[in-house]
Each structure stands twice: as C-alpha cells, then as structure tokens.
Amino acid sequence: MVAHSLSFGAFVGAWQFYAVQFWLRIQQKAPITIEIDLLQIAILGILATWVVSKTFHVVPGNFLYLAAMFAFAMGPAFFLPQTVDSLYWALSLPGVALGTFGSDLSFAAVSIYITSSVPRSYQGSAGSLLVPVQNLSSAVMTSVADTIGTKVDQGPSRDIGLTGLRAIGWLWSRGGDGCGARHRHLDADPKEEEKEQVTWYVHVLSVLYLVG
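Going by our numbering, the sequence shown opens with residue 20, and the numbers climb by one from there.
Encoded structure:
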C-alpha cells in the first residue's frame with residue numbers, strides 16, 4: 020500500500036497536473052485538444068483492470084507490481100526530452116500510455132491484494148482506505164513537485180518553466196524506480212509476514228483517517 024500510494028501520488032501530483040501545464044503554457048495547445056489527448060487514460064485504465072482480473076490468480080502479486088512500476092517509471096522517459104515543437108504521437112502518447120497503464124495496473128492489483136490479505140472483518144476498511152490514501156499522497160507529491168519546479172526554473176509570473184517541468188518529470192521517474200525496488204524487496208517476504216504487514220497498515224491508516 021505504501022509503495023502504491025507513493026507511485027500514485029507521483030503519477031498524479033508529479034506528472035498529470037504539470038503535464039497539462041506543459042501542454043497549455045509551453046506548447047500552447049487548446050484545452051479541448053488536451054482533453055481529447057487524455058481520453059486514452061480511461062481506455063488504458065479499463066485495460067489494466069482487465070489484465071489484473073485475468074492474471075492475478077496466475078501471476079504472483081509482486082510480479083504484477085513490478086511490471087506496473089516498470090511501466091510507470093518508463094513513462095517519464097518520453098516526457099523528459101520534450102520541447103516546444105515535440106509531436107504528441109511521438110512522445111506524449113507513449114508516455115501517457117505507459118504511465119497510466121502502470122498506475123492503474125498497480126491500483127487494480129493492490130485493491131485485490133490488500134482485501135485478500137486481511138481478515139474478513141477488515142476487508143471493507145482496507146478497500147475504502149485506498150482512495151483517501153491516494154488523495155493524501157497526491158496532495159503531498161503535488162506540493163513537493165511544485166517546490167522543486169519553482170526552485171529550478173521559475174518565470175517572472177511565477178510559472179514553472181520547461182527546465183522546472185523536466186525536474187518534476189525526474190521526480191515522477193524516481194518515484195516509480197523507488198517503489199519498484201521496494202516491491203522487489205518484498206518479494207522475499209513470507210506470506211504470513213506480508214499478511215501481518217498489511218493488517219498493521221490498515222490499523223494505522225484507519226486511526227489516521229479517523230483523526231484527520
């Protein structure tokens with residue numbers, strides 16, 4: 020859950036918000052064009068959910084997580100070299116596709132994994148905590164990304180320039196790499212230990228959610 024929340028926060032906070040800024044301010048695209056370009060997010064989300072439903076009972080969950088983090092980390096590779104004149108089909112399209120597929124693949128996998136790794140009485144709480152945790156991580160990562168972008172390249176009107184947006188793209192990439200390394204480490208954990216970890220996370224997050 021921790022790795023997924025960090026990767027999802029990096030995807031939404033350190034990519035989606037600032038990718039739209041890049042298209043609007045740097046490439047001067049019309050808002051309706053950006054909306055059409057982002058339609059693939061919904062399509063790939065459905066595809067990722069279908070893939071998990073067909074493979075989760077066959078492929079170990081950690082392998083699905085690693086595949087998701089690999090796709091998630093490869094997304095920024097298509098955004099970092101972008102310029103004012105970059106074509107959408109050459110760089111933005113595969114970057115959005117990989118980043119979205121990785122994020123949604125991990126969400127579908129973690130939804131099944133966490134609800135099946137806790138006692139039945141906690142399954143509802145475990146599933147309902149995913150969205151608040153994602154919202155919190157997205158807010159935190161957006162703040163971190165904004166701080167990095169403004170420190171690297173801030174224009175006279177306080178807008179983040181192209182160099183700052185690339186620095187934010189590196190944050191997105193490092194988020195995927197770090198979460199992938201975390202899951203590669205967890206791959207060696209015994210099943211009972213993983214179940215105890217997930218149960219502990221649910222207890223702690225339930226308390227934090229109630230306090231917040």
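All C-beta atoms in this analysis are idealised placements derived from N, C-alpha and C, irrespective of residue type, glycine included.
Confirm, please, whether the CB-CB distance from residue j to residue i is below 8 Å.
i	j	result
F98	A38	yes
L57	A90	no
L112	P100	no
V129	L155	no
L66	M93	no
Q142	S24	no
T134	G146	yes
A29	M160	yes
I53	W42	yes
T74	L83	yes
Q173	V115	no
Taking the continuous alpha helix (DSSP H) assigned at residue i, which residues delimit it?
i	result
P50	50 to 56
L124	112 to 135
H23	21 to 30
F89	80 to 93
T68	59 to 74
F36	36 to 40
A145	142 to 147
Below 8 Å CB to CB, which residues in the same chain sit around residue i once its five sequence neighbours on both sides are set aside?
i	result
S162	G32
G168	Y37, I179, G183, L184, A186, I187
Y107	D56
Name the DSSP bridge partner or partners of residue i?
i	result
Q173	I179
Quick one: using the 10 Å Cβ neighbour count with 16 as the cut-off for buried, is residue i buried or exposed?
i	result
V95	A small correction: the amino acid at residue 95 is Pro; Val does not occupy that position in the sequence shown. Under this definition P95 is a buried residue.
D104	exposed
S176	exposed
L85	buried
R185	buried
A158	exposed
S26	buried
T182	exposed
T119	buried
V21	exposed
A87	buried
V77	exposed
Q35	buried
S136	buried
Could one say the Cβ of residue i lies closer than 8 Å to chain C's Cβ atoms, at least one of them?
i	result
P95	Of the protein chains in this structure there is only one, and it is not chain C.
Looking only at its chain, what residues have a beta carbon closer than 7 Å to the beta carbon of residue i, apart from the 5 residues adjacent to it on each side?
i	result
A164	G32, A33, Y37, I187, L190
G80	A128, Y132
G178	It is worth fixing the name first, because residue 178 is Asp in this sequence and not Gly. Once the five neighbours on either side are set aside, the close Cβ partners of D178 are R44.
Q46	V103
With a threshold of 6 Å on Cβ separation, who are the neighbours of residue i within its own chain once the five nearest residues in sequence on each side are excluded?
i	result
T68	A127
S192	A92, P95
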